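*Asks:* Take a look at this one; I'll ask things after.
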Amino acid sequence: MTRSTATPDTPTPLPRHLAVLVLLCMGCAFAGNHVAARAAFDDGAGVLLAILLRSGGTLLVLAAMVLWQRQNLRLPPGVWRWQLVLGLLIAAQSLCLYSAVARVPVALALLVGNVFPILLALLTWALGGPRPTARTAALMGMILVGLVFVLEVPARLSSQESVGPQWLLGVGLAFGAACVFACALWITDHKLSRVRGSVRSLLTIFIVFSSVNLAGLTGALPGGFDLPASSTGWFALATLVVLYGTGFIVLFISVPRLDMPRNAPVMNIEPLATLLIGWLVLDQMLNPGQVVGGAIVVTGIVLLTYRKVERIKSPVADAAGRN
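Under this note's numbering, think of the first position of the sequence shown as 1, with each following residue one higher.
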């Protein structure tokens with residue numbers, strides 16, 4: 001007999017120090033996934049190939065877990081179209097973010113991509129939700145000021161040299177990833193809240209995997225399935241699959257015990273971890289002004305999401321769209 005999809009009784013939360021440690025490790029795992037992706041891209045691997053392997057590996061493990069738990073995959077009436085939109089948005093977000101990582105320093109791409117809380121607050125307001133408070137507006141301004149330093153806007157405006165099309169495209173793609181992810185969060189919160197998180201995650205990952213396959217087979221993104229040129233690229237691809245899959249599955253299993261309303265802002269360690277790992281592995285380093293700007297951005301995001309974590313919790317728990 002198929003088990004009910006009703007949410008079970010809430011498990012006992014982990015002690016806070018353990019919950020914070022788990023979230024810190026998962027933030028570092030997701031950061032390492034992006035650094036490994038850049039290493040693979042530098043060795044000639046295609047963006048679609050990286051997303052395909054990442055989503056395919058995660059899909060196999062998640063499908064096995066859902067089948068073992070004998071969960072019902074049937075969705076409520078009228079929900080399928082929103083589930084399809086969510087999957088396509090997450091596929092687009094993955095494509096945009098990985099494409100940005102391939103063009104600009106990984107930490108810069110992650111910092112720009114993590115402004116989605118601002119966009120989510122504005123989107124919610126535009127669609128009839130509560131107006132951002134004065135505190136929220138001030139924190140949004142703080143994040144934007146930090147981004148000015150991260151992107152070196154004053155220096156670039158005063159410089160006679162062109163910033164280059166790859167830099168502009170990379171930053172634009174990272175911002176596009178933030179926009180798409182904010183839309184995905186809104187849909188999850190307002191249209192798919194009745195769907196069990198594990199089922200929503202499985203279907204989302206399946207749609208990502210299928211759409212990436214389709215894009216590659218139709219040639220929509222030339223070079224998307226290019227293979228790495230050496231064993232270094234293959235090792236990087238294997239590393240990103242392991243890191244992302246591990247982060248996804250650990251969050252999927254343990255999120256009911258992590259007291260996310262209290263601890264989720266810890267996950268914003270990801271851009272800072274990316275900065276450190278990118279420096280160690282890729283010799284990518286932001287200048288002091290960019291580091292200060294990054295610290296301002298992360299601090300603003302932590303403060304902004306601290307009271308809004310209930311809205312952001314579900315997609316984080318799903319981990320389907322988390323970078």
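Glycine included, every Cβ here is placed at the ideal spot set by N, Cα and C.
None of these values were measured; they are calculated from a predicted model.
1) Using DSSP with H/G/I as helix, E/B as strand and the rest coil, what is Gln284?
2) Residues in the same chain with beta-carbon distance under 7 Å from Pro228, minus the five sequence neighbours each way, listed in chain order, please.
3) Take every Cβ of the stretch 192 to 205, pair it with every Cβ of the stretch 12 to 20, and state whether three or more of those distances are shorter than 8 Å.
4) Check each candidate in Arg156, Ile296, Val79 and Met142 and name the one with the smallest Cα separation from Thr188.
5) Leaving aside the five residues before and after Val66 along the sequence, list all residues of the same chain whose C-beta is less than 6 Å from its C-beta, in chain order.
6) So, for Ala64: in the same chain, excluding its five sequence neighbours on each side, which residues have a beta-carbon less than 6 Å away from its beta-carbon?
7) In chain order, which continuous runs of the alpha helix (DSSP H) of length 4 or greater are located wholly inside the stretch 7 to 81?
8) Let me know the secondary structure DSSP gives Glu152 once reduced to three states.
9) Secondary structure at Leu303, three-state DSSP: helix, strand or coil?
10) Less than 7 Å between C-beta atoms, sequence neighbours within five positions excluded: which residues of the same chain meet that for Ala273?
11) Assuming the contact rule is C-beta atoms closer than 8 Å, Ile249 and Ala91 should be a hit. Round their C-beta distance to whole Å, please.
12) Alpha helix (DSSP H) containing Phe209: first to last residue?
13) I'd like to know if the stretch 241 to 248 and the stretch 116 to 134 are in contact, where contact means that at least 3 CB-CB pairs between them fall below 8 Å.
14) Looking at C-alpha atoms only, which residue of Thr12, Asn33, Leu52 and Arg38 is the closest neighbour of Leu214?
15) If you measure between the beta carbons of Ser99 and Leu147, is that distance less than 8 Å?
16) Could you please give the first and the last residue of the uninterrupted alpha helix (DSSP H) stretch that includes Pro117?
17) Just checking my contact of Ile34 with Val150 at CB under 8 Å: how many whole Å lie between their CB atoms?
18) Would you kindly work out how many angstroms separate the C-alpha atoms of Ser254 and Ser55, rounded to a whole number?
19) Under 8 Å between the Cβ atoms of Ile269 and Leu59?
20) Please name the residue, chosen from Gly278, Leu251, Ala138 and Leu276, that lies closest to Met267 on a Cα-to-Cα basis.
21) Report the rounded CA-to-CA distance for Leu192 versus Cys179, giving the unit in angstroms.
22) Go ahead and pull the three-state DSSP assignment for Arg262.
23) Within 10 angstroms of the Cβ of Asn114, are there 16 or more other Cβ atoms? Answer buried if so, exposed if not.
24) How would you write the range of the alpha helix (DSSP H) that Thr246 sits in, first residue to last?
25) Could you say which of Leu282, Arg262 and Val291 lies nearest to Leu303 if we only look at CA atoms?
26) Quick one: what does DSSP say Ala220 is sitting in, helix, strand or coil?
27) Using CA atoms only, rank isn't needed, just tell me which of Gly219, Gly141, Arg135 and Val101 is closest to Leu169.
28) Assuming Leu111 and Gly247 are in contact, meaning their beta carbons sit under 8 Å apart, how far apart are those beta carbons, in whole angstroms?
29) Going by the beta-carbon positions, is the gap between Gln83 and Leu95 smaller than 8 Å?
30) Under 8 Å Cβ to Cβ from Phe209, same chain only, skipping five residues before and after it: list those, please.
*Replies:* Reading from the atomic positions:
1) As a working mapping, residue 284 is identified with position 284 in the sequence shown. If DSSP states are grouped into helix, strand and coil, Gln284 belongs with coil.
2) Locating residue 228 in the sequence shown gives position 228, where the first residue counts as 1. In chain order, Ala40, Asp43, Gly44, Ala45, Trp234 and Leu237 place their CB closer than 7 Å to the CB of Pro228, counting only its own chain and leaving out the 5 sequence neighbours on each side.
3) The stretch 192 to 205 is not in contact with the stretch 12 to 20.
4) As a working note, residue 188 is residue 188 in the sequence shown. For the residues Arg156, Ile296, Val79 and Met142, the minimum Cα distance to Thr188 belongs to Val79.
5) The count along the sequence shown starts at 1 and reaches residue 66 at position 66. Cβ within range, chain order: Ser198 and Leu202.
6) Position 64 of the sequence shown, counting from 1, holds the residue named residue 64. Within the same chain, no residue comes within 6 Å of Ala64 by CB-CB distance, once the 5 residues on both sides are set aside.
7) Runs found: 16 to 42 and 47 to 68.
8) Within the sequence shown, residue 152 is the residue found at index 152, counting from 1. Here Glu152 sits in coil by DSSP.
9) Locating residue 303 in the sequence shown gives position 303, counting from the first residue. In the three-state DSSP reduction, Leu303 falls in the helix class (H, G or I).
10) Along the sequence shown, read from residue 1 onward, the residue named residue 273 stands at position 273. Here the set comprises Gly27, Cys28 and Ala31.
11) As a working note, residue 249 is residue 249 in the sequence shown. As a working note, residue 91 is residue 91 in the sequence shown. Contact flag wrong, Cβ pair sits at about 20 Å.
12) Residue numbering aside, residue 209 sits at position 209 when the sequence shown is read from its first letter. Run containing Phe209: Gly197 to Leu217, per the alpha helix (DSSP H) assignment.
13) Contact between the stretch 241 to 248 and the stretch 116 to 134 is absent, because fewer than three Cβ pairs lie under 8 Å.
14) As a position in the sequence shown, residue 214 is number 214, starting the count at 1. Of the listed residues, the one whose Cα sits closest to Leu214 is Leu52.
15) Mapped onto the sequence shown, residue 99 falls at position 99. Mapped onto the sequence shown, residue 147 falls at position 147. For Ser99 and Leu147, no; Cβs fall outside 8 Å.
16) Looking up residue 117 in the sequence shown gives position 117. That run of the alpha helix (DSSP H) goes Phe116 to Ala126.
17) Indexing the sequence shown from 1 puts residue 34 at position 34. Indexing the sequence shown from 1 puts residue 150 at position 150. Strictly speaking, residue 34 in this sequence is His, with Ile absent from that position. Going by Cβ atoms, the distance from His34 to Val150 rounds to 16 Å, so no, they are not a contact pair.
18) For the purposes of this step, residue 254 is taken as the residue at position 254 of the sequence shown. For the purposes of this step, residue 55 is taken as the residue at position 55 of the sequence shown. So the two alpha carbons sit approximately 20 Å from each other.
19) In the sequence shown, residue 269 corresponds to position 269, counting from 1. In the sequence shown, residue 59 corresponds to position 59, counting from 1. Going by C-beta atoms, Ile269 is not nearer than 8 Å to Leu59.
20) Within the sequence shown, residue 267 is the residue found at index 267, counting from 1. Ranked by Cα distance from Met267, the first of Gly278, Leu251, Ala138 and Leu276 is Leu251.
21) Against the sequence shown, residue 192 aligns to sequence position 192. Against the sequence shown, residue 179 aligns to sequence position 179. Spanning the two alpha carbons is a distance of roughly 19 Å.
22) The count along the sequence shown starts at 1 and reaches residue 262 at position 262. Looking at Arg262 - three-state DSSP - the assignment turns out to be helix.
23) What you label residue 114 is simply residue 114 of the sequence shown in a count that begins at 1. Buried is the call here.
24) Position 246 of the sequence shown, counted from the start, is the residue given in the question as residue 246. Its alpha helix (DSSP H) spans residues Ser231 to Ser254.
25) Looking up residue 303 in the sequence shown gives position 303. When only C-alpha atoms are compared, the closest one is Arg262.
26) Taking the sequence shown and counting its residues from 1, one reaches residue 220 at position 220. Coil at Ala220, not helix or strand.
27) If you number the sequence shown from 1, residue 169 lands on position 169. Checking every option, the nearest Cα to that of Leu169 belongs to Val101.
28) Residue mapping note: residue 111 aligns to position 111 of the sequence shown, counting from 1. Residue mapping note: residue 247 aligns to position 247 of the sequence shown, counting from 1. Wrong, their Cβ atoms sit about 19 Å apart, outside the cutoff.
29) Taking the first residue of the sequence shown as position 1, residue 83 is located at position 83. Taking the first residue of the sequence shown as position 1, residue 95 is located at position 95. Going by C-beta atoms, Gln83 is not nearer than 8 Å to Leu95.
30) Locating residue 209 in the sequence shown gives position 209, counting from the first residue. In its chain, beyond the 5 residues on either side, Leu52, Ser55, Gly56 and Leu59 have a beta carbon closer than 8 Å to the beta carbon of Phe209.
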